[in-house]
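Asks:
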Amino acid sequence: MRRGGDKNIVLSGFMGTGKTKVGRTVARLAGMAFIDVDEEIEKRSGMSIPDMFEALGEPEFRRRETEAIRDISAHQQTVIATGGGAVVNPENVFLLKQNGLIVCLTAAVKTILKRVGASGNRPLLKAENPEQRIGELLTARQSFYEQADIMVKTDGKSPRTVAEEILERVAAWDASGKG
Ligand code: S3P
Numbered sequence: 000m001r002r003g004g005d006k007n008i009v010l011s012g013f014m015g016t017g018k019t020k021v022g023r024t025v026a027r028l029a030g031m032a033f034i035d036v037d038e039e040i041e042k043r044s045g046m047s048i049p050d051m052f053e054a055l056g057e058p059e060f061r062r063r064e065t066e067a068i069r070d071i072s073a074h075q076q077t078v079i080a081t082g083g084g085a086v087v088n089p090e091n092v093f094l095l096k097q098n099g100l101i102v103c104l105t106a107a108v109k110t111i112l113k114r115v116g117a118s119g120n121r122p123l124l125k126a127e128n129p130e131q132r133i134g135e136l137l138t139a140r141q142s143f144y145e146q147a148d149i150m151v152k153t154d155g156k157s158p159r160t161v162a163e164e165i166l167e168r169v170a171a172w173d174a175s176g177k178g
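All letters in the sequence shown, in the order written, are residues 0 to 178 by numbering that gives the first Met the number 0.
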């Protein structure tokens, strides 16, 4: 199912909500291109995100994130998976909304904890009590995530099911003439 128009589908949401996996599936099903902002930052910087946080600090990561988003937002017919903190910066939201519909994936704290597991590649979740840390960050970011055009719950659903739900919701949005 190809979408009409050239608008991007932007996936936002907390770490562990499945943005990358679901994004790839949406792109495959819809015949769209796919780009993951974190992967793009890593490619451009020649280092992993945990290494970047460690060596350069979060502010420098955020600067590179906005730089990548500025370029990626100019793409068309692309599914864009953002990092979990991207929408906290209004500049990123402004850029992504110019040519994209923002779909926020949500999940309960327990689901997030299970999905991010002990992978160790989320510097912001390196805490004595990761469950508590997830809860705090989610609360602090809730109002930013809610700025999305569409919210989709992912608990207990496969990436394929979430992807199909997104495409149905996006099609309904397109048909409504809102975008
Ligand atoms: C972050 C989420 C990560 C990555 C970085 C910061 C965040 O992306 O951008 O570790 O602030 O929530 P994922 O949401 O893909 O894990």
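Note that beta-carbon positions come from the ideal geometry of N, C-alpha and C, so glycine has one too.
Mark F186 as exposed unless 16 or more other C-beta atoms lie within 10 angstroms of its C-beta, in which case mark it buried.
Replies: Because the chain is modelled from 0 through 178, residue 186 falls outside the range shown and cannot be assessed.
Asks: Could you check whether R63 and S44 sit closer than 9 Å to each other, using their CB atoms as the reference points?
Replies: By 1-based counting over the sequence shown, the position of residue 44 is 45. By 1-based counting over the sequence shown, the position of residue 63 is 64. Yes, the Cβ-Cβ distance between S44 and R63 is below 9 Å.
Asks: Would you report the Cα separation of P49 and L124, rounded to the nearest angstrom?
Replies: Start at 1 with the first residue of the sequence shown, and residue 49 comes out as number 50. Start at 1 with the first residue of the sequence shown, and residue 124 comes out as number 125. Roughly 11 Å separates the two Cα atoms.
Asks: Using C-beta distances below 6 Å, list every residue in its chain close to G83, excluding the 5 sequence neighbours before and after it, in chain order.
Replies: Residue numbering aside, residue 83 sits at position 84 when the sequence shown is read from its first letter. Excluding residues within five positions, the ones whose Cβ falls inside 6 Å are F13 and M14.
Asks: To which residues does DSSP link D35 through a beta bridge?
Replies: Looking up residue 35 in the sequence shown gives position 36. Bridge partners of D35: A80.
Asks: CA-CA distance, G56 and L95?
Replies: Sequence index remark: in the sequence shown, residue 56 carries index 57 (1-based). Sequence index remark: in the sequence shown, residue 95 carries index 96 (1-based). Answer to the nearest angstrom: the Cα atoms are 24 Å apart.
Asks: As a quick exercise: from G116, V151 and G176, pick the residue whose alpha carbon is nearest that of V9.
Replies: Here residue 9 refers to the residue found at position 10 when the sequence shown is read from its first residue. Here the closest residue by C-alpha is V151.
Asks: Going by DSSP, which residues form a beta bridge with S47?
Replies: If you number the sequence shown from 1, residue 47 lands on position 48. Beta-bridge pairing links S47 to no other residue.
Asks: Would you identify the three-state DSSP class for R1, choosing helix, strand or coil?
Replies: What you label residue 1 is simply residue 2 of the sequence shown in a count that begins at 1. Any reading at R1 must be qualified, since the residue scores a pLDDT of 48, below 50, and its modelled position is unreliable; no value is offered.
Asks: Alpha carbon to alpha carbon, what distance is there between T105 and V87?
Replies: Locating residue 87 in the sequence shown gives position 88, where the first residue counts as 1. Locating residue 105 in the sequence shown gives position 106, where the first residue counts as 1. Answer to the nearest angstrom: the Cα atoms are 15 Å apart.
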